[in-house]
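Enquirer: First the structure, which I've put down as structure tokens, then a few questions once you've had a look.
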Amino acid sequence: MDIDLEECLETAISLARETGQIVKEGFYLDKTMTTKGEPADLVTEFDTRVQQILFDRLGEKFPTHKLIGEESVTEPVLTDAPTWIIDPIDGTTNFIHGFPLTCISIGLTVNREPVLGVVYNPILEHMFTAKKGQGAFLNSRRIHVSEVTGRKRAFLNYRRIHVSEVTGRKRALLNYRRIHVSGVTGRERAFLHSRRIHVSGVTGRERAFLHSRRIHVSDVTDMSKALVGLEVPTTQRPSTFAMRVKRGRAIEQVAREIRGLGSIAIGLCFVAMGGLDVYQYEGGIHCWDVAAASVILLEAGGVITDPRGGPFDLMSRRVLGAGTEKLALQMVKIIQEADSS
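Going left to right, the sequence shown walks through residues 1 to 341 as the UniProt record's numbering numbers them.
Structure representation (structure tokens):
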């Protein structure tokens, strides 16, 4: 079956933007949530609404394609047929709590291989896209492996973020919206996309830029210099919890620092843009968490593999993404040693 990947990509981007408006509106509202098995596995009315729209639109546009989604009742079965794999809101807990690392993830597989990915964070307006063999992009700008030795750069929204070191008065511009925290009364006021938000006090001086600036996969090869994405264990399954804690301690001893993001798709995309050097997750992961982001990471020049060693399997429920193969192998070794100790 001939697949027009460009048409598929354009459709996925358009649908991500359409449903992104729903996610963005819901982000600022009170949500009705339920759990799916475990207390930390949450779903809202926005998850189901977004998935239904995506299923309906994709089904109309590509009637011969199959569909897999997080909020489907049946267990996912991946075949050789063209299959759209959707996570309507990756990072649902973040979405519920108003933490802006949440996204819509739309991936397409052909012959069980991911060939196209769209990951859209409508809150920060980050649109990651990739098509097999054609590179990876963030907001239409190419992202790829760095050619600069040992130097890491990351850019966010090209807007300057400044914290005064003298008066403690904080000023920032995020997407042309001013964010202001009063240094006198302690009362916090801020606006994100014209909506009022409250922020915590920070010290230090920060600047970050994105769009029109080159972003890329990190070239770090040494774990001691790596910023590692690793989620905090919250599962109620004792064996999985113990495994994550043991691995986390082992990684913490050698990595520069660890970050938890609450979204697997965003974690892998952050590796693709060079913001993280490596990201690993196992237990509780599903194909819809990684189908789109895996294409984006690979097309950005990164590496994706099984954290236990061996090739990446979309249905294995575990993933390790890194900017370099050397760093990925170091991470695999640390995990294997932690598991055997």
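A virtual CB, placed ideally from N, CA and C, is assigned to each residue, including glycine. For clarity, every value in this text was computed on a predicted model and none was experimentally measured.
Taking contact to mean at least 3 C-beta pairs separated by less than 8 Å, is the region 219-232 in contact with the region 241-256?
Expert: yes
Enquirer: Identify the continuous beta strand (DSSP E) that holds D87 and give its terminal residues.
Expert: The count along the sequence shown starts at 1 and reaches residue 87 at position 87. From DSSP, the beta strand (DSSP E) with D87 extends over 83-90.
Enquirer: Measure from the alpha carbon of C103 to the alpha carbon of each residue in A293, T240, V319, then state which is nearest.
Expert: For the purposes of this step, residue 103 is identified with residue 103 of the sequence shown, where counting begins at 1. Of A293, T240, V319, the residue nearest in Cα terms is A293.
Enquirer: Let me know the secondary structure DSSP gives S146 once reduced to three states.
Expert: Within the sequence shown, residue 146 is the residue found at index 146, counting from 1. Reliability of the predicted coordinates at S146 is poor, the pLDDT of 35 falling under 50, and the value obtained from them is presented with this limitation in mind. If DSSP states are grouped into helix, strand and coil, S146 belongs with coil.
Enquirer: Enumerate in chain order the residues of its own chain whose CB-to-CB distance from L268 is below 6 Å, with the five nearest sequence positions on each side excluded.
Expert: Looking up residue 268 in the sequence shown gives position 268. If the five residues before and after L268 are omitted, its C-beta is found closer than 6 Å to the C-beta atoms of Y279, A293, L297, G321, all from its own chain and listed in chain order.
Enquirer: Whole-angstrom Cβ separation of F46 and I22, contact assumed at under 8 Å?
Expert: For the purposes of this step, residue 46 is identified with residue 46 of the sequence shown, where counting begins at 1. For the purposes of this step, residue 22 is identified with residue 22 of the sequence shown, where counting begins at 1. So it is a contact: roughly 6 Å between Cβ atoms.
Enquirer: List the whole-angstrom C-beta distance separating L78 from M315, where the pair is believed to meet the contact cut-off of C-beta under 8 Å.
Expert: Here residue 78 is taken as the residue at index 78 of the sequence shown, counted from 1. Here residue 315 is taken as the residue at index 315 of the sequence shown, counted from 1. Right, the Cβ-Cβ distance comes to about 6 Å (below 8 Å), so this counts as a contact.
Enquirer: Using only the alpha-carbon positions, how far apart do H286 and R317 sit?
Expert: Reading the sequence shown from its first residue, position 286 is the one you call residue 286. Reading the sequence shown from its first residue, position 317 is the one you call residue 317. H286 and R317 have their alpha carbons spaced roughly 5 Å apart.
Enquirer: Does DSSP put V43 in a helix, a strand or coil?
Expert: As a working note, residue 43 is residue 43 in the sequence shown. Reduced to three states, the DSSP call for V43 is strand.
Enquirer: Return the first residue and the last residue of the beta strand (DSSP E) that P114 is part of.
Expert: If you number the sequence shown from 1, residue 114 lands on position 114. That run of the beta strand (DSSP E) goes 113-121.
Enquirer: Per DSSP, what kind of secondary structure is F99 in: helix, strand or coil?
Expert: Within the sequence shown, residue 99 is the residue found at index 99, counting from 1. Correct three-state label for F99: coil.
Enquirer: Would you kindly check if the distance between the Cβ of I106 and the Cβ of V118 is under 8 Å?
Expert: For the purposes of this step, residue 118 is identified with residue 118 of the sequence shown, where counting begins at 1. For the purposes of this step, residue 106 is identified with residue 106 of the sequence shown, where counting begins at 1. Going by C-beta atoms, V118 is nearer than 8 Å to I106.
Enquirer: Check whether the Cβ atoms of R308 and I264 sit closer than 8 Å, and answer yes or no.
Expert: Locating residue 308 in the sequence shown gives position 308, counting from the first residue. Locating residue 264 in the sequence shown gives position 264, counting from the first residue. Against a cut-off of 8 Å, the Cβ pair of I264 and R308 comes out as no contact.
Enquirer: Return helix, strand or coil for L9, following the three-state DSSP convention.
Expert: By one-based count along the sequence shown, residue 9 stands at place 9. In the three-state scheme derived from DSSP, where H, G and I count as helix and E and B as strand, L9 is classed as helix.
Enquirer: Please state whether DSSP places S294 in a helix, a strand or coil.
Expert: The sequence position of residue 294 within the sequence shown is 294, counting from 1. The answer is helix: DSSP assigns S294 an H, G or I state.
Enquirer: Can you give me the C-alpha to C-alpha distance between T32 and T48, rounded to a whole angstrom?
Expert: By one-based count along the sequence shown, residue 32 stands at place 32. By one-based count along the sequence shown, residue 48 stands at place 48. Cα to Cα, the separation comes out at about 12 Å.
Enquirer: By Cβ distance below 7 Å, which residues in the same chain neighbour R57 in space, the five residues on each side in sequence not counted?
Expert: Along the sequence shown, one-based indexing puts residue 57 at 57. The residues are L15.
Enquirer: Would you identify the three-state DSSP class for S340, choosing helix, strand or coil?
Expert: Along the sequence shown, one-based indexing puts residue 340 at 340. Note: S340 maps to helix in three-state DSSP.
Enquirer: Whose CA, out of V290, I251, F95, G283, lies closest to the CA of A328?
Expert: As a working note, residue 328 is residue 328 in the sequence shown. For the residues V290, I251, F95, G283, the minimum Cα distance to A328 belongs to I251.
Enquirer: Let me confirm a value: Q330 is counted as buried when at least 16 other C-beta atoms fall within 10 Å, else exposed. Which label applies?
Expert: In the sequence shown, the residue the question calls residue 330 occupies position 330. With at least 16 other beta carbons inside 10 angstroms of its own, Q330 counts as buried.
Enquirer: For the beta strand (DSSP E) holding Q134, just list the boundary residues, first then last.
Expert: Position 134 of the sequence shown, counting from 1, holds the residue named residue 134. Looking at the DSSP string, Q134 is not in any beta strand (DSSP E), and its letter there is neither H nor E.
Enquirer: Where do the N-terminal and C-terminal ends of the beta strand (DSSP E) with K66 fall, by residue?
Expert: Position 66 of the sequence shown, counted from the first residue, corresponds to residue 66. Residues 66-69.
Enquirer: Indicate the three-state DSSP secondary structure (helix, strand or coil) for S263 in the structure shown.
Expert: Position 263 of the sequence shown, counting from 1, holds the residue named residue 263. In this structure, S263 counts as coil in the three-state DSSP scheme.
Enquirer: Could you tell me which of E60, V43, D87, R256 sits nearest to T11, measuring between CA atoms?
Expert: Along the sequence shown, read from residue 1 onward, the residue named residue 11 stands at position 11. When each option's Cα is compared against that of T11, the closest is E60.
Enquirer: Beta carbon of P82, beta carbon of L108: below 8 Å?
Expert: Residue 82 sits at position 82 when you count from the first residue of the sequence shown. Residue 108 sits at position 108 when you count from the first residue of the sequence shown. In contact: P82 and L108 (Cβ atoms closer than 8 Å).
Enquirer: Taking the beta strand (DSSP E) that E125 belongs to, which residues open and close that run?
Expert: As a position in the sequence shown, residue 125 is number 125, starting the count at 1. Per DSSP, E125 belongs to no beta strand (DSSP E) and is neither H nor E.
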